[in-house]
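First the structure, in the form of structure tokens, and then the observations on it.
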Amino acid sequence: MDRIIITGGKPLKGRIPISGAKNAALTLLPCALLTDEPLTLRNLPRLADVDGFGHLLNQLGVSITVEGSKPDEFGRVMTLRASNIASTVAPYDIVRKMRASILVLGPLVARAGEATVSLPGGCAIGMRPVDLHLKALEALGAELEIAAGYVKAKAPPGGLRGGEIRFPIVSVGATENALMAAVLAKGTTVIENAAREPEITDLAKCLIAMGAKIDGLRTDTLTIEGVDELHGATYAVMPDRIEAGSYACAAMITGGSLELVGARKETMPSIFSGLQDAGAIIEDTASGIRVSADGGIKPLSLATAPFPAFPTDMQAQFMAMLSLANGTSLLTETIFENRYMHVPELNRMGADIEVRGRSAVVRGVEKLHGAPVMATDLRASMSLVLAGLAAEGQTEVNRVYHLDRGYERLEEKLQAVGADIERAGAG
Ligand code: UD1
Numbered sequence: 026m027d028r029i030i031i032t033g034g035k036p037l038k039g040r041i042p043i044s045g046a047k048n049a050a051l052t053l054l055p056c057a058l059l060t061d062e063p064l065t066l067r068n069l070p071r072l073a074d075v076d077g078f079g080h081l082l083n084q085l086g087v088s089i090t091v092e093g094s095k096p097d098e099f100g101r102v103m104t105l106r107a108s109n110i111a112s113t114v115a116p117y118d119i120v121r122k123m124r125a126s127i128l129v130l131g132p133l134v135a136r137a138g139e140a141t142v143s144l145p146g147g148c149a150i151g152m153r154p155v156d157l158h159l160k161a162l163e164a165l166g167a168e169l170e171i172a173a174g175y176v177k178a179k180a181p182p183g184g185l186r187g188g189e190i191r192f193p194i195v196s197v198g199a200t201e202n203a204l205m206a207a208v209l210a211k212g213t214t215v216i217e218n219a220a221r222e223p224e225i226t227d228l229a230k231c232l233i234a235m236g237a238k239i240d241g242l243r244t245d246t247l248t249i250e251g252v253d254e255l256h257g258a259t260y261a262v263m264p265d266r267i268e269a270g271s272y273a274c275a276a277m278i279t280g281g282s283l284e285l286v287g288a289r290k291e292t293m294p295s296i297f298s299g300l301q302d303a304g305a306i307i308e309d310t311a312s313g314i315r316v317s318a319d320g321g322i323k324p325l326s327l328a329t330a331p332f333p334a335f336p337t338d339m340q341a342q343f344m345a346m347l348s349l350a351n352g353t354s355l356l357t358e359t360i361f362e363n364r365y366m367h368v369p370e371l372n373r374m375g376a377d378i379e380v381r382g383r384s385a386v387v388r389g390v391e392k393l394h395g396a397p398v399m400a401t402d403l404r405a406s407m408s409l410v411l412a413g414l415a416a417e418g419q420t421e422v423n424r425v426y427h428l429d430r431g432y433e434r435l436e437e438k439l440q441a442v443g444a445d446i447e448r449a450g451a452g
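So the number in the working numbering is just where the residue sits in the sequence shown, counting from 1, plus 25.
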């Protein structure tokens, strides 16, 4: 299994191109199931999860052509066409590797009238149930049956019908499934307490480009007027705010300055205010945003919460950065119950972090030192890369496949701004 080897201590300087957003890509891809015309997605990141989703869609009968995949180019263009739905089953083998597979549920029931999707089960960061996805479909008239680890959903005769969905807690995935199902339902659907993450807005904009009628973009109430059919469209995936935020932390933790090319400030308000509070200088540039360290890192008190508050997907990277702050920080995780798996690994590199229930007390240390480390999830792996970039000596990050799920050509992008980082085969 590959490893990433980093020799830390070099301030990173230069430009990093920000790729298309993984989490937007994973909800735009299943939109192809909603029409028999071609959906062309531009700026798709080259990531293992995008390939995995393509594989699942293939099994459901979607044909996919890929352009712009020259090895020296970032991003890809994919044209997906579901002329016919060949299968309505998302099998366990695929779903267990990629939780986002649950996002085929809404589109399949809406277009084909039925779907059988393996239940994803828990994962490294928490239980992650899908009850809200299922309740949303029921509100649109679907009948559900759960047996042998699968959910089988069937639309009523005549297809899904509009309904009222009020989510008790904010869920990104459940909002996406509800939205993708409602666009083809008969009549009006209102989704209350909808997630407002920029990826939801990206999804709504793509669906509108395909002929859907959706009001309330960027708010927590989405109103959808169902249409009889959707048509093809071309849509460019938004830039990845979590990738951009991660590289902003790389600038700060190494005392450097990075221009995040293509990053969109309005999609990352709390990430930038957190960076600013930590002492970063943030400037708009012609092609993106520059984040520069200005001396030390100041401690912060932050809690994760749904957008526009601070994202759970940035918690681990901020923790790595704050492990070198001049003082004690307090991070509180309110979204997932077990998202501190990086703490013992960061502590092995010399950090001083103590988990107290849902919070972590991060006492800033003078320096980190390199060590062999491993992580259990994507963002935790990135926090170890960040720590390695700042640490004295060599860090070896194992289980690189986590990083390959979410960071397009990580080593290449970091090498280009002066990092000493390389991928090596099994040690
Ligand atoms: C998405 C993102 C993930 C991010 C998360 C929160 C994708 C592919 N993944 O995940 O990177 O960390 O949003 O911003 O876009 N919940 C329920 N029942 C449900 C659904 C969710 O109880 O049916 C709970 C979850 O366990 C969690 C909370 O709701 O505690 C929020 O999860 P949710 O927003 O649904 O996360 P995902 O869509 O899985």
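Ideal Cβ placement from N, Cα and C applies to all residues, glycine included.
Bear in mind the structure is a predicted one, so any value in this text is a computation, not a measurement.
Taking 7 Å as the cut-off, is the beta-carbon of residue i closer than that to any non-hydrogen atom of the ligand UD1?
i: His-256; result: no
i: Thr-401; result: no
i: Asp-240; result: no
i: Thr-226; result: no
i: Thr-357; result: no
i: Ile-360; result: yes
i: Arg-383; result: no
i: Ile-296; result: no
i: Ala-140; result: no
i: Gly-45; result: no
i: Arg-124; result: yes
i: Ser-271; result: no
i: Ile-249; result: no
i: Leu-157; result: yes
i: Leu-81; result: no
i: Gly-320; result: no
i: Ser-196; result: yes
i: Asn-363; result: no
i: Asn-218; result: no
i: Glu-222; result: yes
i: Ala-206; result: no
i: Asn-13; result: Outside the displayed span of the chain (26 to 452) sits residue 13, for which this structure offers no information.
i: Thr-353; result: no
Would DSSP call residue i helix, strand or coil?
i: Leu-232; result: helix
i: Met-399; result: strand
i: Lys-122; result: coil
i: Ile-7; result: With the chain covering only 26 through 452, there is no way to say anything about residue 7.
i: Leu-81; result: helix
i: Lys-211; result: strand
i: Glu-437; result: helix
i: Pro-369; result: helix
i: Leu-355; result: strand
i: Thr-226; result: helix
i: Ile-446; result: strand
i: Met-346; result: helix
i: Thr-374; result: Position check: residue 374 holds Met in this sequence, whereas Thr was assumed. Met-374: coil per DSSP, three-state reduction.
i: Glu-362; result: coil
i: Ile-194; result: coil
i: Arg-266; result: helix
i: Ala-258; result: strand
i: Val-410; result: helix
i: Val-75; result: helix
i: Leu-59; result: helix
i: Arg-186; result: strand
i: Arg-381; result: strand
i: Ile-330; result: Before going on, a small fix: residue 330 reads as Ala here, not Ile. Three-state DSSP puts Ala-330 in coil, outside helix and strand.
What residue does the beta strand (DSSP E) around residue i start on, and which one ends it?
i: Tyr-426; result: Tyr-426 -> not in any beta strand (DSSP E); alpha helix (DSSP H) instead, spanning 426-431.
i: Val-129; result: Taken as a continuous stretch (DSSP letters only), Val-129 belongs to no beta strand (DSSP E), as it is neither H nor E.
i: Ala-172; result: 168-172
i: Ala-111; result: Looking at the DSSP string, Ala-111 is not in any beta strand (DSSP E), and its letter there is neither H nor E.
i: Asn-423; result: 419-423
i: Met-103; result: 101-106
i: Arg-388; result: 384-388
i: Lys-179; result: 175-179
i: Leu-242; result: Segment: none, Leu-242 is in no beta strand (DSSP E) and carries neither H nor E.
i: Thr-337; result: No beta strand (DSSP E) contains Thr-337, which DSSP labels as neither H nor E.
i: Ala-140; result: 139-143
Could you please give the first and the last residue of the uninterrupted alpha helix (DSSP H) stretch that includes residue i?
i: Asn-202; result: 197-207
i: Leu-64; result: Segment 64-69 is the beta strand (DSSP E) holding Leu-64; no alpha helix (DSSP H) there.
i: Leu-157; result: 156-164
Round the Cβ separation of residue i and residue j to the nearest angstrom and send it over; I've been treating them as touching at under 8 Å.
i: Ser-44; j: Glu-268; result: 6 Å
i: Ala-164; j: Ile-190; result: 5 Å
i: Leu-72; j: Gly-431; result: 6 Å
i: Thr-246; j: Val-197; result: The Cβ separation is near 16 Å, so there is no contact.
i: Val-142; j: Tyr-175; result: 7 Å
key: Whole runs of the beta strand (DSSP E) within the stretch 27-57, excluding any shorter than 3 residues   = 28-32 and 38-42
ask   = Considering only residues of the stretch 272-319, which uninterrupted beta strand (DSSP E) runs meet the minimum length of 3 residues and lie entirely inside it, listed in chain order?
value = 282-286, 306-309 and 313-317
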